[in-house]
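Undergrad: Protein chains in written order, with the numbering used here: chain A, 1 to 474; chain B, 1 to 102. One structure, as structure tokens, below. Some questions next.
What follows is the structure in structure tokens.
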């Protein structure tokens, strides 16, 4: 089959190139939104192409690229996150004089990377896909001209992410030196028998550091609050929903399938860091007054929950990671859709949400549902996801860690409800309704539907995740 | 004839210098250069491993070509961002940017 396995990525990449070419020949008025609609439809076509690869389970290109259900699942997360982001992005971008073609092309390139990464089965492919995502995001974060904060946020992300890539590569080079191979299957075999030298442990930890920045692992999370605050809301939506999911897929592949022989080194480190990540994310989120910084710390906390499921090292844990990633993606995109429509014009302070329910009941309702889902209130989607994670952790014997996480997730309800209280109880400062384009409305409806439906009927997605996880080797 | 450990020693020293510089220097351009230093340490590692451990294979060399290309792309975007910021603030000093809240 070979190239056919790459069809979703080829479609997304070609879509991006078409948009870039069109931009060469047109003036590209910032008010035009058709490039974003085009990008969203390209991503949907890529998603359909990815769906057709379900159940294929093939390895291609001399064992460096693998399409199995796990990979397809994460490709779908990237497609959903990208397409919904492109639906609501142009409303804000046209206000900010950003040409939606530039934004759409970069989103498509980043989505290509996000679709390649879960399939990567050797270090080179993995590194290239990761950098494709990162470099697209450096530009996406700083895309808004005429203001200094986005460029600053972009440079901060670039410097920290570049540093992390260098550490990641050094770890990879050590593992390559010790095993003589960059292929994950060969590395797995090399470490599966006998003693391994100290350098192998160091290498695996360096790889964890390098990927840790992308998955908000404390202490490599420092970029998140500043980037969330500085970057335009659509960029943050896609970054939070897509980039971390793809990086988590790479972590699953690397640490769950390949470096299992070294788990004596990285497993305790990851367990402790996961608990620290949950604690720091939830506690530092409490005093935040800016909605984007609040959601950055909330992202960090959620990354901690997901890491707890990775630590479980079981197929139930993998299924929980996959399920959580999808639900988290759709919930964050909905929340940032509201922020994009409302808070970007008002500075993003939580105070400015006062009385939103009276000004714009629809926006307030979507925000209410997505925050309640992030807090893990049943029957919404977030509850099932958290339940799956904690169940997997308890099954694997990490009862104390799961208990701490559960306790901290109760704390998290407080800061989510501060926002909800501002929206529903406080008196509005202004009374004018918020203008909301049809693209934003469509994106919010998709997000709302996803959160409620997947909360009430979680089984189809959960079963897909479980089957994919059973097939992925452990 | 030099053996593998010389190359690995050199690459370790380069990597540590780069890491130290990237974490302590306050000039954006210098930090970018330090990251390049770390990436070059990786390249030396990969080439040395490829040369000494499996001479018939090209895997390490291949990896190096990709690292160089990606590093160039990354620096291109980095310099562009530094230029944009320089236009606003006429500085490349990281401490002068307002983001440093932590």
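Note that beta-carbon positions come from the ideal geometry of N, C-alpha and C, so glycine has one too. On a predicted model such as this, the values are computed, not experimentally measured, just so you know.
1) So, under 8 angstroms CB-CB, residue 254 of chain A and residue 321 of chain A are touching, yes? Tell me the CB distance rounded to an integer number of Å.
2) At a Cβ cut of 7 angstroms, what residues of the stretch 42-61 of chain B count as close to chain A, listed as they run along the chain?
3) DSSP puts residue 77 of chain B in a beta bridge; with which residues?
4) Under a CB-based cut-off of 7 angstroms, is residue 70 of chain B close to chain A?
5) Whole-angstrom Cβ separation of residue 114 of chain A and residue 60 of chain A, contact assumed at under 8 angstroms?
6) Check this for me: beta carbons of residue 50 of chain A and residue 90 of chain A, under 7 angstroms apart or not?
7) For residue 55 of chain A and residue 66 of chain A, I'd like the C-alpha separation in whole angstroms.
8) Residues of the stretch 148-163 of chain A with a CB closer than 8 angstroms to any CB of chain B: list them in chain order, please.
9) Can you give the beta carbon distance from residue 416 of chain A to residue 374 of chain A, rounded, assuming they're within the 8 angstroms contact cut?
10) Tell me, please, whether the CB atom of residue 474 of chain A is closer than 7 angstroms to any CB atom in chain B?
11) Does DSSP put residue 82 of chain B in a helix, a strand or coil?
12) List the endpoints of the continuous alpha helix (DSSP H) containing residue 275 of chain A.
13) Three or more beta-carbon pairs under 8 angstroms between the stretch 80-87 of chain A and the stretch 231-242 of chain A, yes or no?
14) So for residue 34 of chain A, helix, strand or coil by DSSP?
15) Can you find the residues in the same chain that come closer than 6 angstroms, C-beta to C-beta, to residue 348 of chain A, ignoring five residues on each side of it along the sequence?
16) DSSP three-state call for residue 52 of chain A: helix, strand or coil?
17) How many Å lie between residue 143 of chain B and residue 146 of chain A at the Cα?
18) Mark residue 61 of chain B as exposed unless 16 or more other C-beta atoms lie within 10 angstroms of its C-beta, in which case mark it buried.
19) Using the beta-carbon count (16 or more within 10 Å), is residue 498 of chain A buried or exposed?
20) For residue 427 of chain A, is the classification buried or exposed, using 16 other Cβ atoms within 10 angstroms of its Cβ as the cut-off for buried?
21) Going by the DSSP bridge assignment, what does residue 67 of chain A pair with across the sheet?
22) Give a yes or no on whether the minimum CB-CB distance between residue 35 of chain B and chain A is below 7 angstroms.
23) Below 8 angstroms, can you find three or more Cβ-Cβ pairs linking the stretch 51-58 of chain B to the stretch 23-31 of chain B?
TA: According to the structure data:
1) In the first chain, counting from the first residue as 1, residue 254 of chain A sits at position 254. In the first chain, counting from the first residue as 1, residue 321 of chain A sits at position 321. With 8 angstroms as the limit, residue 254 of chain A and residue 321 of chain A do not qualify as a contact, their Cβ atoms being about 13 angstroms apart.
2) Residues passing the 7 angstroms Cβ filter: 42, 45, 46, 49, 53, 54, 59 and 60.
3) To locate residue 77 of chain B, count along the second chain from 1; it is residue 77. Per DSSP, none; premise fails for residue 77 of chain B.
4) One-based indexing of the second chain puts residue 70 of chain B at position 70. Closer than 7 angstroms to some Cβ of chain A, the Cβ of residue 70 of chain B qualifies, so yes.
5) Indexing the first chain from 1 puts residue 114 of chain A at position 114. Indexing the first chain from 1 puts residue 60 of chain A at position 60. With a Cβ gap of about 19 angstroms, residue 114 of chain A and residue 60 of chain A do not count as contacting.
6) Your numbering for residue 50 of chain A matches position 50 in the first chain. Your numbering for residue 90 of chain A matches position 90 in the first chain. Not closer than 7 angstroms, so no.
7) What you label residue 55 of chain A is simply residue 55 of the first chain in a count that begins at 1. What you label residue 66 of chain A is simply residue 66 of the first chain in a count that begins at 1. Rounded to whole angstroms, residue 55 of chain A to residue 66 of chain A spans 12 angstroms at the Cα level.
8) 148, 149, 151, 152, 153, 154, 155, 156, 158, 159, 162 and 163
9) Translated into positions along the first chain, residue 416 of chain A becomes position 416. Translated into positions along the first chain, residue 374 of chain A becomes position 374. About 6 angstroms; that satisfies the 8 angstroms criterion.
10) Against the first chain, residue 474 of chain A aligns to sequence position 474. At residue 474 of chain A, the pLDDT of 46 sits below 50, so the modelled position is not reliable and the matter cannot be decided from this model.
11) For the purposes of this step, residue 82 of chain B is taken as the residue at position 82 of the second chain. In this structure, residue 82 of chain B counts as helix in the three-state DSSP scheme.
12) As a working mapping, residue 275 of chain A is identified with position 275 in the first chain. Counting along the chain, the alpha helix (DSSP H) containing residue 275 of chain A begins and ends at 263-285.
13) Contact holds between the stretch 80-87 of chain A and the stretch 231-242 of chain A, because three or more Cβ pairs, one in each stretch, are under 8 angstroms apart.
14) As a position in the first chain, residue 34 of chain A is number 34, starting the count at 1. Residue 34 of chain A: helix per DSSP, three-state reduction.
15) Along the first chain, read from residue 1 onward, the residue named residue 348 of chain A stands at position 348. Excluding positions up to five away in sequence, the list reads 290, 291 and 292.
16) Taking the first residue of the first chain as 1, we reach residue 52 of chain A at position 52. Residue 52 of chain A falls in the coil class under three-state DSSP.
17) This structure leaves residue 143 of chain B out entirely; chain B is present only between 1 and 102.
18) Within the second chain, the letter at position 61 stands for residue 61 of chain B. Per the 10 Å Cβ criterion, exposed.
19) Limits of chain A in this structure are 1 at one end and 474 at the other, which puts residue 498 of chain A out of reach.
20) The count along the first chain starts at 1 and reaches residue 427 of chain A at position 427. Burial call: exposed.
21) Along the first chain, one-based indexing puts residue 67 of chain A at 67. According to DSSP, which records beta bridges pairwise, residue 67 of chain A is partnered with A:58.
22) As a working note, residue 35 of chain B is residue 35 in the second chain. By this cut-off, residue 35 of chain B is an interface position.
23) no
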